[in-house]
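Chemist: Take 469 as the starting number for the sequence shown in full-length UniProt numbering and just add one per residue.
Before anything else, here's the structure in question.
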Amino acid sequence: ATPLSIMVATGKGAQAGVLIRSAEALETAHRLDTVVLDKTGTITAGKPALTELHALPGFDDDTLLTLAAAAERDSEHPLAAAVVAVADERGLPRPTVVGFSSVTGKGVRATVDGREVLIGSARLLAEVGIDSGAASDVAARFAAEGRTPVLVAVDGRPAGVLAVADPIKPDSVAALAALRRMNLATVMITGDSGRAAEAIARQVGIPTVLAEVLPEHKATEVRRLQAAGARVGMVGDGINDAPALAQADIGLAIGTGTDVAIEAADVTLITGSLGGVATAISLSRATMRNIR
Ligand code: ADP
Ligand code: MG
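The structure is reproduced here in structure tokens:
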């Protein structure tokens, strides 16, 4: 493309809140046939809220929430913030916590008032040999509704399940529809459980879901699609998306996301709206059509 046509397209993008960081990105984006999108913070608002508590026999809501919030207080995960916020709202006590550690992409553990608290995905509990039992049914119900189930185990036994809801961004449905009209295949990639992810995917019309993908494996999944011949645009917001953004043919970062993601990407969607994905690809298509 000519320097002038690149300048014009880049300018139009900027006006629409789509920062295309290089001429190369503009010249490559028209070749994409697949768009992979992270779920949390990309398709959804990324501001999860605790919407339900289900304590198992032997625990009441306040005890469950007190222990869970204590273990989550040192975690930087958005799910943790949702749990802590409600405990603070309710004015629950803040017991002493020792030995906090986080298990990336799975949850956290800590000793709270001398009790071993483990909080996170069903997988995390299973890995340490805890049978989720009755917690599984509750978790399945929350997940079927598109809410993320956060399981809590105390001293090696399931104590309850928290439901965390992260609403879909208002314009995500229209943005995904635009991508389909442009004949792009869409894929959701997430660390969340399959059922919760599928419920969200259904609402925005994404046919393919890669769930329970550990942070370090997102880039591997992109590489796998590329090896099968796909030209991949990756959209993400988090630190855990950065390697996948760099691996993709074109990385598109949510402008309201983390700096690490923005630095790894070729395009920044300044307003955070997914509508910018179609805008970037359309601008590239128009630019490259004109020179041929
Ligand atoms: P995503 O790809 O959706 O941003 P993550 O890789 O950050 O998800 O986390 C994957 C899953 O691990 C979450 O859906 C949750 O089940 C569990 N998890 C991770 N960190 C925490 C935490 N601090 N508290 C509870 N659950 C957690
Ligand atoms: Mg995310």
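All residues carry an ideal CB built from backbone N, CA and C; glycine is no exception.
The structure presented is a predicted model; accordingly, all values stated were derived computationally and were not measured.
Checking 7 Å against the spacing of the C-beta atoms, do L494 and D530 come in under that value?
Modeler: Not a contact, by the Cβ cut-off of 7 Å.
Chemist: What do you reckon, is the C-beta of S543 under 6 Å from a heavy atom of the ligand ADP?
Modeler: S543 Cβ: within cutoff of the ligand ADP.
Chemist: Tell me which residues share the same chain as V641 and place their Cβ nearer than 8 Å to its Cβ, disregarding the 5 neighbours each side in the sequence.
Modeler: Hits under 8 Å: Q671, V672 and G673.
Chemist: By how many angstroms is the C-alpha of L737 removed from the C-alpha of I668?
Modeler: Approximately 21 Å between the Cα atoms of the pair.
Chemist: Within a Cβ cutoff of 6 Å, which residues of the same chain sit near A497, ignoring the five residues on either side of it in sequence?
Modeler: Excluding sequence neighbours, A497 sits near I718, A748, I749 and S752.
Chemist: Name the DSSP beta bridge partners of E520, please?
Modeler: According to DSSP, which records beta bridges pairwise, E520 is partnered with A631.
Chemist: One question on the structure: do A627 and V618 come within less than 7 Å of each other, judged by their Cβ atoms?
Modeler: Result no, Cβ atoms of A627 and V618 do not sit closer than 7 Å.
Chemist: Does S543 come out as helix, strand or coil in the three-state DSSP assignment?
Modeler: Looking at S543 - three-state DSSP - the assignment turns out to be coil, as it is neither helix nor strand.
Chemist: Go through its chain and collect everything with a Cβ distance to A513's Cβ below 8 Å, but skip five positions before and after it.
Modeler: Closer than 8 Å at Cβ, skipping near neighbours: D634, P635, I636 and K637.
Chemist: Looking at the unbroken alpha helix (DSSP H) that takes in G479, where does it start and where does it end?
Modeler: Note, G479: alpha helix (DSSP H), P471 to Q483.
Chemist: In three-state terms, what does DSSP make of D506?
Modeler: Strand.
Chemist: Report yes if the C-beta of V509 is less than 6 Å from at least one heavy atom of the ligand MG; otherwise report no.
Modeler: Per the sequence shown, residue 509 should be read as Gly rather than Val. True, at least one ligand heavy atom lies under 6 Å from that Cβ.
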